[in-house]
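Residue numbers (my numbering): 70 to 643. Just so you know, even glycine gets a beta-carbon here, dropped at the ideal spot from N, CA and C. Down below is the structure, laid out as structure tokens.
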């Protein structure tokens with residue numbers, strides 16, 4: 070159950086009553102296709118989508134946009150039972166259309182922009198927060214449906230029995246609480262079989278340590294833990310090991326309560342959201358680290374099926390922290406800052422700058438970076454805080470300066486960019502000589518063809534919506550079918566060969582992958598998120614194959630490389 074307060078319901082419904090479904094729906098879908106062109110793949114039967122004007126004037130885009138927004142209207146009528154209201158749509162997009170769930174988040178972001186531009190001052194921060202909560206929880210419900218997808222005939226038969234009323238009414242799909250996550254018996258067995266063998270202290274310490282090394286910005290939350298100056302210092306830090314053990318022990322409670330994850334994580338979610346203001350993205354990153362550690366500790370047992378079960382557990386666990394009952398879905402809000410300024414008609418006035426910063430703080434994890442500006446405890450406090458306005462002005466003046474040098478950002482802001490750019494978004498891979506040597510040495514030890522085949526296979530098993538691009542590959546109906554598919558293996562070999570070429574040209578990934586980027590972006594319309602997911606699979610397989618040789622420092626180097634390759638492949642979109 071998603072709990073909306075009376076005030077939130079009034080804010081959502083108040084704005085919805087003024088929405089022109091046809092105009093706003095058409096504009097939202099049109100903007101999605103223009104701003105994120107890879108989403109056009111799902112609409113290639115809609116005719117001319119060759120330019121922004123063609124898309125925005127396309128009658129089929131307008132009609133489908135109206136249909137999409139009308140569906141959201143049905144959800145608004147059932148705010149106390151969103152899961153039921155969205156059930157059919159979720160099943161359609163998951164099982165039949167194989168739509169990447171990332172697209173729902175993008176559409177939500179675009180819809181917020183359109184609402185803001187149409188309603189101006191009426192789209193207050195409070196109204197935005199209520200709508201963001203609605204859209205965030207809609208995303209959770211849709212994503213949960215992807216992870217509910219089972220392969221086995223036995224499970225499908227059991228689900229059919231439920232639909233036919235052959236089980237007690239209390240156990241039917243319709244009567245399950247919205248917070249229920251459906252794990253099959255096979256998935257539960259896969260998770261618990263590994264968990265029984267886990268050394269919580271060792272695995273927990275290594276998982277947290279790898280997080281701090283591979284994604285050093287996460288160290289901000291552990292600045293009282295002493296020496297974190299190097300990979301060796303982090304991995305040898307006793308407080309890191311102790312806290313890692315504590316973190317993994319908490320996950321153990323989830324393993325014991327897989328049918329009620331939300332309740333299990335309620336206290337931790339409140340702690341991390343309300344008191345510590347931890348960026349919810351960190352939970353996803355921590356989950357990725359744990360998967361890599363488990364793969365390295367249990368190379369033979371951590372099969373694609375087991376991997377998929379664990380990924381499901383970790384993904385759903387992370388979602389409950391991201392969308393708390395009383396909080397806005399923070400993951401979507403981070404992108405609203407610059408979008409809110411579009412209402413200024415090009416004039417960067419101080420009040421609007423302040424509003425941008427105020428809206429940013431609705432992602433509570435951002436509040437940690439603004440503790441020095443005093444009261445940011447509420448919407449009103451942020452908007453009226455005298456320290457917010459000059460800081461907002463300073464931020465947007467820097468942005469304006471960047472716009473003047475947008476064709477030469479690296480030379481103009483070189484030092485700042487190199488210090489602040491996340492490896493997730495950088496096409497240049499900045500590696501030390503030691504990192505280059507580690508990559509070269511380890512790459513020479515692996516069977517590249519085997520890595521490629523398993524990485525692509527795991528991608529299709531763990532993230533089944535990616536199968537959409539490989540429908541002509543034959544049988545992809547189960548994990549064993551995918552991993553044994555000759556075409557998957559052959560294409561995996563092709564993929565890893567290209568990756569290997571990239572390792573020879575780390576200083577020019579953009580040029581190395583230019584042709585592939587053009588193919589995947591302009592012709593195949595592959596969602597760039599898929600490149601990142603595939604990179605994660607490569608890292609997991611390397612951990613699996615290299616074992617102890619795949620140290621945290623080595624992982625950090627490879628993580629830089631796969632992020633750089635993913636960014637280079639997505640370059641044509643930008």
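> Does the Cβ of residue 624 have 16 or more other Cβ atoms within 10 Å, making it buried, or fewer, making it exposed?
Replying inline: buried
> Expressed to the nearest angstrom, what Euclidean distance is found between the alpha-carbon atoms of residue 150 and residue 181?
Replying inline: 22 angstroms
>> Taking its Cβ as the centre, do 16 or more other Cβ atoms sit within 10 Å of residue 172, making it buried, or is it exposed?
In response: buried
> According to the neighbour-count rule (16 or more other Cβ atoms, all chains shown, within 10 Å of its Cβ), is residue 256 buried or exposed?
Replying inline: buried
>> Cutting at 8 angstroms between CB atoms, please list the residues of its own chain near residue 585, excluding the five before and the five after it.
In response: 567, 638
>> Using only CA atoms, which one of 621, 463, 156, 636 lies nearest to residue 285?
In response: 621
> What does a CB cutoff of less than 7 angstroms around residue 101 pick up in its chain, not counting 5 residues either side in sequence?
Replying inline: 108, 175, 176, 179
>> For residue 627 and residue 499, I'd like the C-alpha separation in whole angstroms.
In response: 11 angstroms
> Along the chain, which unbroken stretches of the alpha helix (DSSP H) at least 4 residues long are found entirely within the stretch 580–617?
Replying inline: Fully enclosed alpha helix (DSSP H) runs of 4 or longer: 583–587, 598–615.
> Which residues bound the alpha helix (DSSP H) around residue 186?
Replying inline: Boundaries of the alpha helix (DSSP H) around residue 186: 171–188.
> Beta-carbon separation of residue 316 and residue 273 under 8 angstroms?
Replying inline: yes
> Based on Cα-Cα distance, which residue from 363, 613, 614 lies nearest to residue 380?
Replying inline: 363
>> Shorter than 7 angstroms, the distance from the beta carbon of residue 550 to the closest heavy atom of the ligand ZN, or not?
In response: With respect to small molecules bound, the structure shown includes none, and the ligand ZN cannot be examined in it.
> Buried or exposed: where does residue 82 fall if 16 or more other Cβ atoms within 10 Å of its Cβ makes it buried?
Replying inline: exposed
> Of all the options 187, 581, 264, 600, which has the alpha carbon lying nearest to the alpha carbon of residue 538?
Replying inline: 600
> residue 368 and residue 616: beta carbons closer than 8 angstroms?
Replying inline: yes
> Going straight from the alpha carbon of residue 76 to that of residue 94, what length do you get?
Replying inline: Distance from the CA of residue 76 to the CA of residue 94, rounded to the nearest whole angstrom, comes to 25 angstroms.
>> For residue 420 and residue 465, what's the separation of their Cα atoms in angstroms?
In response: Note that residue 420 scores 39 on pLDDT, short of 50, meaning its location in the model is unreliable and no value can be drawn from it.
> When the distance is taken between beta carbons, is residue 260 closer than 8 angstroms to residue 609?
Replying inline: Not closer than 8 angstroms, so no.
>> Rounding to the nearest angstrom, what Cα-Cα distance links residue 462 and residue 190 in this structure?
In response: 20 angstroms
>> Cutting at 8 angstroms between CB atoms, please list the residues of its own chain near residue 550, excluding the five before and the five after it.
In response: 544
>> I believe residue 634 touches residue 582 by the beta-carbon criterion, under 8 angstroms. Please report the beta-carbon distance rounded to the nearest angstrom.
In response: 7 angstroms
> Helix, strand or coil: which one does DSSP assign to residue 247?
Replying inline: Note that residue 247 has pLDDT 40, beneath the 50 cutoff, so the model's placement of it is unreliable and the number below is only indicative. Note: residue 247 maps to coil in three-state DSSP.
> Could you give the residue range of the alpha helix (DSSP H) that holds residue 297?
Replying inline: Run containing residue 297: none; DSSP gives neither H nor E here.
> Does the separation of the CB atoms of residue 97 and residue 158 fall below 8 angstroms?
Replying inline: no
> Can you tell which of 509, 307, 598 has its C-alpha closest to the C-alpha of residue 571?
Replying inline: 509
> Does the beta-carbon distance from residue 147 to residue 154 come in below 8 angstroms?
Replying inline: yes
>> Assuming residue 270 and residue 308 are in contact, meaning their beta carbons sit under 8 angstroms apart, how far apart are those beta carbons, in whole angstroms?
In response: So it is not a contact: roughly 13 angstroms between Cβ atoms.
>> Could you check whether residue 267 and residue 80 sit closer than 8 angstroms to each other, using their CB atoms as the reference points?
In response: Their beta carbons are not under 8 angstroms apart, which means residue 80 does not touch residue 267 by this criterion.
> Quick one: what's got a C-beta closer than 8 angstroms to residue 401's C-beta in the same chain, skipping five residues either side?
Replying inline: Low confidence applies to residue 401: its pLDDT is 35, below 50, so where it sits in the model is not reliable enough to give any reading.
> Using CA coordinates, which residue listed in 110, 74, 72, 193 is at the minimum distance from residue 595?
Replying inline: 110
> When we look at the beta-carbon of residue 119 and count the other beta-carbons within 10 Å, is it buried (16 or more) or exposed?
Replying inline: exposed
> What number of angstroms, rounded off, separates the C-alpha of residue 547 from the C-alpha of residue 525?
Replying inline: 14 angstroms
>> If I follow the unbroken alpha helix (DSSP H) through residue 468, where does it start and stop?
In response: 457–473
> Rounded to the nearest angstrom, how far is the Cβ of residue 532 from that of residue 602, given a contact under 8 angstroms?
Replying inline: 6 angstroms
>> Which residue wins for smallest C-alpha separation from residue 90, given the options 303, 505, 131?
In response: 131
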